[in-house]
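**Q** I'd like to ask you about the structure that follows.
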Amino acid sequence: MQSSGTTLNRLMAGPQRWLVTMAVALVLGASWIWQSAVPASAVSGGLIPSPRQGFLAPDLVLPDLEGGTIDLSELRGQVVIVNFWASWCPPCRAEMPALERTQEAHAGDGLVVLAVNATNQDSLPAVISFIEEMGLTLPIALDQSGEVGRRYQVRALPTTFFIDRQGVIQEVIVGGPVSESTLLSTVQSLLGEGS
C-alpha cells in the first residue's frame, strides 16, 4: 500500500506538476475575483456602473438651507451643473463666483447650478458664512451624511458634473478651480443641444 505522500509526489513530478499548479492558480484566482467583485448596486443603487460621462446621473434628494428639498429628477428637461464643494476648500472658493455668474447668465435658458455642500466634512455655520461672504444665490444642497458624495464617487473637492436635459452626464471635472470659460463653453454646448 502506497502512502498518499508518495502519490502526491508522483503527481507533482514532471509535466503534471505544471498542470496541477496552473489549475490550482486558476481556481484560486477565479475565486478571488468572484469574492472581491463589487456589485453595481453597491456603488450606484444598481442603476449604472458608475456616475461617469454617457450614463444617467444618479438621482439625489437633499435638504436645502431654507428647509426644503432639492430633487435632481425634478430638474429633468434643464441643463444641470452639480458641483460638490466645501467651505474650507480653496479651489471651491476660487470657482464659486464663476459658478454663480454662469447661473445668473443662463438661468433663463434652462440652466440650474446646484452646489452640493459636503456637509459631512464641513460645518453648517461655516457653510452659511461662506454663502454670505460670496453673495451666493444659487441653490445650495446639504449632503449631511455624505451618501450622495459616495453615490457620485466624489474623491476630491471640488468635483463638477455637467448633466444634459435628458439627465445624462456629459462631462465630469475632478478638482479645480474650473475656469469661467470652461463653464460657459460647456454650458452653451449643452444648452444648444436641446434647441
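Heads up, the sequence shown is in the working numbering, so the first residue is 11 and it goes up one at a time. No residue lacks a Cβ here, since even glycine has one placed at the ideal position from N, Cα and C. All of these numbers come straight from a predicted model, not from anything done at the bench.
Does the distance from the C-beta atom of cysteine 99 to that of leucine 38 stay below 9 Å?
**A** In the sequence shown, residue 99 corresponds to position 89, counting from 1. In the sequence shown, residue 38 corresponds to position 28, counting from 1. No, they are not a contact pair.
**Q** Valine 89 and leucine 200 look like a contact to me (Cβ under 8 Å); what is the Cβ gap, rounded to whole Å?
**A** Reading the sequence shown from its first residue, position 79 is the one you call residue 89. Reading the sequence shown from its first residue, position 190 is the one you call residue 200. That pair is a contact at about 4 Å.
**Q** Within the continuous alpha helix (DSSP H) that includes threonine 112, where are the two ends?
**A** Walking along the sequence shown from the start, residue 112 turns up at place 102. Start and end: 100-116.
**Q** Is the beta carbon of leucine 124 sitting closer than 9 Å to the one on leucine 148?
**A** Start at 1 with the first residue of the sequence shown, and residue 124 comes out as number 114. Start at 1 with the first residue of the sequence shown, and residue 148 comes out as number 138. Yes, the pair counts as a contact, with Cβ atoms nearer than the cut-off.
**Q** Measure the alpha-carbon distance for valine 197 versus phenylalanine 172 and round it to whole angstroms.
**A** For the purposes of this step, residue 197 is taken as the residue at position 187 of the sequence shown. For the purposes of this step, residue 172 is taken as the residue at position 162 of the sequence shown. Answer to the nearest angstrom: the Cα atoms are 8 Å apart.
**Q** Report the rounded CA-to-CA distance for glycine 202 versus arginine 111, giving the unit in angstroms.
**A** Here residue 202 corresponds to residue number 192 of the sequence shown, with the count starting at 1. Here residue 111 corresponds to residue number 101 of the sequence shown, with the count starting at 1. Spanning the two alpha carbons is a distance of roughly 19 Å.
**Q** My output table needs one value for glutamate 181: the three-state DSSP class, helix, strand or coil.
**A** Working through the sequence shown from its first residue, we reach residue 181 at position 171. In this structure, glutamate 181 counts as strand in the three-state DSSP scheme.
**Q** Taking the straight line between their C-alpha atoms, what separation do you get for methionine 32 and alanine 40?
**A** Locating residue 32 in the sequence shown gives position 22, counting from the first residue. Locating residue 40 in the sequence shown gives position 30, counting from the first residue. So the two alpha carbons sit approximately 12 Å from each other.
**Q** With contact counted as at least three CB pairs below 8 Å, one residue from each stretch, are the region 158-166 and the region 63-70 in contact?
**A** yes
**Q** If threonine 169 and valine 158 are in contact, beta carbons under 8 Å, what's the gap, nearest whole angstrom?
**A** Residue numbering aside, residue 169 sits at position 159 when the sequence shown is read from its first letter. Residue numbering aside, residue 158 sits at position 148 when the sequence shown is read from its first letter. Going by Cβ atoms, the distance from threonine 169 to valine 158 rounds to 11 Å, so no, they are not a contact pair.
**Q** Just to confirm, is the Cβ distance from methionine 144 to proline 187 under 9 Å?
**A** Numbered from its first residue, the sequence shown carries residue 144 at position 134. Numbered from its first residue, the sequence shown carries residue 187 at position 177. It is not a contact, given that the beta carbons lie outside the stated cut-off.
**Q** Kindly indicate which residue of Leu36, Arg86 and Ile43 has the alpha-carbon position closest to the one of glycine 177.
**A** In the sequence shown, the residue the question calls residue 177 occupies position 167. Nearest option by C-alpha distance: Arg86.
**Q** Note down the Cα distance separating aspartate 153 from proline 73, rounded to an integer number of angstroms.
**A** Your numbering for residue 153 matches position 143 in the sequence shown. Your numbering for residue 73 matches position 63 in the sequence shown. C-alpha separation (whole angstroms): 8 Å.
**Q** Figure out for me which residue from Arg175, Val182 and Asn127 has the closest Cα to the Cα of serine 83.
**A** For the purposes of this step, residue 83 is identified with residue 73 of the sequence shown, where counting begins at 1. Among Arg175, Val182 and Asn127, the Cα nearest to that of serine 83 is on Arg175.
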